[in-house]
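Student: To start, I am sharing the structure in question, which I have written as structure tokens.
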Amino acid sequence: MSVFVSYLRRAPVRDHAGRRIGVVKDLVVHQGATLPEIEGVVVKRPRDLIYIPFQELEEVERGDVRLRLDEERLRPSPPPEDQLFLLRDLLDAQVVDTTGAKVVRVNDIVLTTKGDHLLVSGLDIGPWGLMRRMGWARLFAGLVRILGLKVPEGIVSWDNVAPFDKDPSMVQLTVAQDKLVRMHPADLAEIIEEMGHQQRQRLYEGLSDAQLADLIEESDPDMQTSILTELEPERAADVLEEMEPDEAADVLQDLPDAEAEALIELMTPDEAAEVRQLLTYEEDTAGAMMTTSYLSVSDDWTVQQAVDWFRVQEPDVEIMAYFYLTDKAGKLSGVVSVRRILLAQPTVRMQDLSPPVLYSANADSSSREVTELISRYNLTALPVEDAHGKLVGVISVHDVLDRLLEPDEE
Amino acid sequence: MLALKHRQARGTFNWQTIVLFLSVIGPGIITANVDNDAGGITAYSLAGAQFGRAFLWTLIPITVALVIVQEMSARMGAVTGKGFSDLIRERFGVRWTFYILLALFFANLGNTCAEFSGVAASLEIFGVSKYVSVPLVAAFVWWLVVKGSYKRVEKIFLVACLFYVTYVISGVMAASHWAPVLKATVTPTWSFKSDYIGMLIGVIGTTIAPWMQFYIQSSVVDKRIQAKDYWLTRWDVVIGCFVTDIVAFFIIVACAETIFPHGIAVNTAKDAALALKPLAGQWASALFAYGLFNASVFAASILPLSTAYSICEGMGWESGVDHTFQEAPMFYGIYTGLIGLGAALVLIPNAPLIGIMYWSQVANGILLPFILIFMLLLVNRKRLMGEYVNGPVLNVVSWALTAFLIVITVALVVTTLFPSLLGAH
């Protein structure tokens, strides 16, 4: 049996003898094994508020709550603090519908009995719930029938929602955290646009540095800087280290110089140096677009050497499809796709697998030139050299796509 | 400024503070400039033209009231990170929210209508028929916002607001003696004449309007201003309020010096433009038309959009121009409806324009007391605001202010509904 919370709100509460003792003011829940479980009812009597544990209830029905005992035998206790109250804390709150990755509002709450327990099984986020709350449910149902409309039910199960706290300073809905954390960073990036900063702050606490780095990479430029400034500087530096260096540099570029410098100071020296180097390139150049996360080996190695090196190092880089070859001076001398390596004999020298024509960009080529080059020759990645021909980075087609899709603000 | 006392540790004003300030500045100043929209310019012009300097003194209490009210909204935005309609929904439930947002819709429909009348009036000075100007501007505004280029154009609007400087110059040129002007500014006068009280209600009503509370809070949230940087936003709000009222001051002075002495009845935009004659001579009409046009289009770009956002947020419907029509049908429906209806009502021959303004005025009036009471209840809620609740002094002042504004708006609603009451005095 299911019942909507809107039908219980202000419903009369009667004792065993059928005498009315008050009305339902709120329902107190606690996290059960799977679903939140009703623990008791806050009843508003003419003079005071009392709390009645769920065990004392005999019947909970639409518009009616009946107790097991007579009023005289009740041992009234004050409502518990620090508990989740359904009406106060959950009804009308914002929730993330994690299946659709959108932020909606709780219009009503569905309670379902299971054995002796009453559980929060789902939330009504659709028009029916809204109409029920307004007291127009019948009118709406009639209208829908006359017009022959199809109005979706709009109830999502508890597993697929992550509610936000109404009063962000009061942490109540910790359950919600886990569900958000499991969302894809790209979906989460859209959700956080609609969160308040305290809600975001709480979310950050639930995310690992790596997840936070992913989230930043998926967010709009405006949001990226907001996230960094909302984090504690030490944490922000840790997260920057987790990010691809080029992404980190992009975000830092948008911060005021002093703040960016302060964060770089907190990073490990290696990462900091890399980011600093990337920051020296002008905006809209190949240098600013490229990543420094790619595979590079010496051009006189054999395929076997390269494969062994890869197995030992297990590098986890952004550009995984190519091995870039450099000579003794670090100059770019070739490129070999992973496909060719897999097909090649182990004794073949890497240099011999490299194609005769090698496309590359200069670190200060414009982003336009890069785009044209990648598009004309159907490349998936383009190596970047500095003024002396040294290999300094690689631009992937994703970087170009991001650039093209960026809103052309200012 | 009571509101300025705060326990928040604040940095000294150094170079970094200025950079930070520039990053939070905006919500207060934009709200203030939109406040001087078609309705605002009209009200101040009429006040100066009909009553000379008699209304100057009211600007000081109005500024204080405006700062108090706007500051609380901005503070709620910075502390909670949520919009005003969000907070009303979460605290007071769906019914209150629905009726308040319904009233907001009608109030802002009237306001939008007023902006389009401003467009029509200003371009008629240049001989452009309203049947051409209004649909074009409506389509332009709609396109501007839906295509997401509004943010860029906002700066153009803001720069164009420098037009108000012309009132300052004109006022300065027209006022030969400043002593009486300044004296009038600090000397409260009062009259129980019906037209005086009617005008007072009009001036207050146009300066402190319900939409501003929704708008300023949302823009603080949009800017992602955090509680720790809030003390800078407070300056943004204060500066904005002063800008609004300094402009109002000079509009009144200019009209009081140029139109009032000649006893000219201001019936059209051309008449109101006389106030700019000391500065612009024969170009006064053109200059006035340009200023009115900018103010009207600026407000017309903001009002429908902010209304659609507030309603959808409160009701829990998808909102935002980065969604498609299919994803956010209510949002686009409300937004398009406000612009479409607002523009159409101005164009319908023999349209009940007066009737619409009238009901919009009533909706604004009914809404304001609720808005203020809800705002005070929310801003004092410890669970929500933590240490940022109002202090005791601010509470006394703001509840008193709310009571006064309620009396004024009840008077406004009653006199709008029963105009004979005032006349009977």
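Here the protein sequences line up with chains X and W, keeping their order. Heads up: the first sequence at position 343 corresponds to 343 in this note's numbering, and the numbers run straight through without jumps. Heads up: the second sequence at position 259 corresponds to 259 in this note's numbering, and the numbers run straight through without jumps. Virtual Cβ for every residue (Gly too), placed ideally from N, Cα, C.
1. So which residues on chain W does Q199/X lean against when the C-beta distance must stay under 8 angstroms?
2. In its own chain, which residues sit with a C-beta less than 7 angstroms from the C-beta of P80/X, not counting the 5 before and 5 after it?
3. Under 8 angstroms between beta-carbons, which chain X residues line up against E154/W? List them in chain order, please.
4. Say whether chain X places a C-beta atom closer than 8 angstroms to the C-beta of L384/W.
5. Under 8 angstroms, with one C-beta from each stretch per pair, do the stretch 393–401 of chain W and the stretch 88–101 of chain W reach the 3-pair mark?
6. Taking its Cβ as the centre, do 16 or more other Cβ atoms sit within 10 Å of V400/X, making it buried, or is it exposed?
7. So, are the CB atoms of D284/X and M350/X less than 8 angstroms apart?
8. Would you identify the three-state DSSP class for H184/X, choosing helix, strand or coil?
9. Assuming A286/W is part of the alpha helix (DSSP H), what are its boundary residues?
10. Return the first residue and the last residue of the alpha helix (DSSP H) that H117/X is part of.
11. Examine chain W for any beta-carbon lying closer than 8 angstroms to the beta-carbon of I125/X, and answer yes or no.
12. From W158/X, N378/X, R45/X, D167/X, pick the residue whose C-alpha is nearest to that of A483/X; which is it?
13. Using beta-carbon positions only, say whether E37/X and L118/X come within less than 8 angstroms of one another.
14. Here's a check: name, in chain order, each residue in its chain whose Cβ is nearer than 7 angstroms to the Cβ of D108/X, leaving out the five neighbours to either side.
15. Residues of chain W with CB under 9 angstroms from E230/X, in chain order?
16. Cβ of V94/W less than 8 angstroms from any chain X Cβ?
17. Return the residue from the list E257/W, I25/W, L368/W that minimises the CA-CA distance to G205/W.
18. Does G127/W have its Cβ less than 8 angstroms from a Cβ in chain X?
19. Checking 8 angstroms against the spacing of the C-beta atoms, do S310/W and G83/W come in under that value?
20. Quick one: is D64/X near chain W, going by C-beta distance under 8 angstroms?
21. What number of angstroms, rounded off, separates the C-alpha of I240/W from the C-alpha of I302/W?
22. Spell out a yes or no on whether the stretch 359–366 of chain W and the stretch 408–415 of chain W are touching, meaning 3 or more CB-CB pairs, one atom from each, closer than 8 angstroms.
23. Can you look up D399/X in the DSSP assignment and give me helix, strand or coil?
24. What does a CB cutoff of less than 8 angstroms around L180/X pick up in its chain, not counting 5 residues either side in sequence?
25. Are the stretch 186–195 of chain W and the stretch 64–75 of chain W in contact at 8 angstroms, needing three or more beta carbon pairs?
26. Give the secondary structure of P356/X by DSSP, where H, G and I count as helix, E and B as strand, and everything else as coil.
27. From the DSSP output, which residues share a beta bridge with N362/X?
28. Could you spell out the range, first to last residue, of the alpha helix (DSSP H) harbouring R20/X?
29. Using a Cβ-Cβ cutoff of less than 6 angstroms, which residues in the same chain neighbour N160/X once the five nearest sequence positions on both sides are dropped?
30. Which residues does DSSP pair with Y294/X in a beta bridge?
31. For a test of the three-state rule: what should DSSP assign to G198/W, helix, strand or coil?
32. Measure the alpha-carbon distance for F157/W versus V128/W and round it to whole angstroms.
33. Strictly below 8 angstroms CB to CB, what residues from chain X border R89/W?
34. Pick helix, strand or coil for S129/W, following the three-state DSSP scheme.
35. Could you work out which residue in T185/W, I169/W, N390/W, V346/W is closest to G281/W when comparing CA atoms only?
Tutor: Looking at the coordinates:
1. G81
2. Shown here for P80/X: same chain residues with a beta carbon closer than 7 angstroms to its own, the five before and five after excluded, namely V28, Y51 in chain order.
3. Residues of chain X with a Cβ closer than 8 angstroms to the Cβ of E154/W do not exist, since the nearest Cβ in that chain sits about 12 angstroms away.
4. yes
5. In this structure the stretch 393–401 of chain W does not lie against the stretch 88–101 of chain W, because fewer than three pairs of beta carbons, one per stretch, are closer than 8 angstroms.
6. buried
7. In this structure, M350/X does not lie closer than 8 angstroms to D284/X by Cβ.
8. coil
9. 284–315
10. Element bounds for H117/X: not the alpha helix (DSSP H) but the beta strand (DSSP E), 117–124.
11. yes
12. What is shown of chain X runs 1 to 410, which leaves residue 483/X out entirely.
13. yes
14. F4, V5, S6, D124, G129, R132, R133
15. R224, Q226
16. yes
17. L368/W
18. At a cut-off of 8 angstroms between beta-carbon atoms, G127/W makes no contact with chain X.
19. Yes. Within cutoff.
20. no
21. Looking at the sequence provided, one finds Gly at residue 240/W rather than Ile. Each residue's Cα considered, the two are about 16 angstroms apart.
22. yes
23. Annotated three-state conformation of D399/X is helix, per DSSP.
24. V96, T98, A162, L188, I191, L203, G206
25. no
26. coil
27. Answer is E385/X.
28. No alpha helix (DSSP H) contains R20/X, which is instead part of the beta strand (DSSP E) from 20–31.
29. Correct list, in chain order: T98, T99.
30. I319/X
31. Secondary structure at G198/W: helix, using DSSP grouped into helix, strand and coil.
32. 21 angstroms
33. Counting only Cβ-Cβ distances below 8 angstroms, R89/W has contacts in chain X at D92, R105, in chain order.
34. Coil at S129/W, not helix or strand.
35. I169/W
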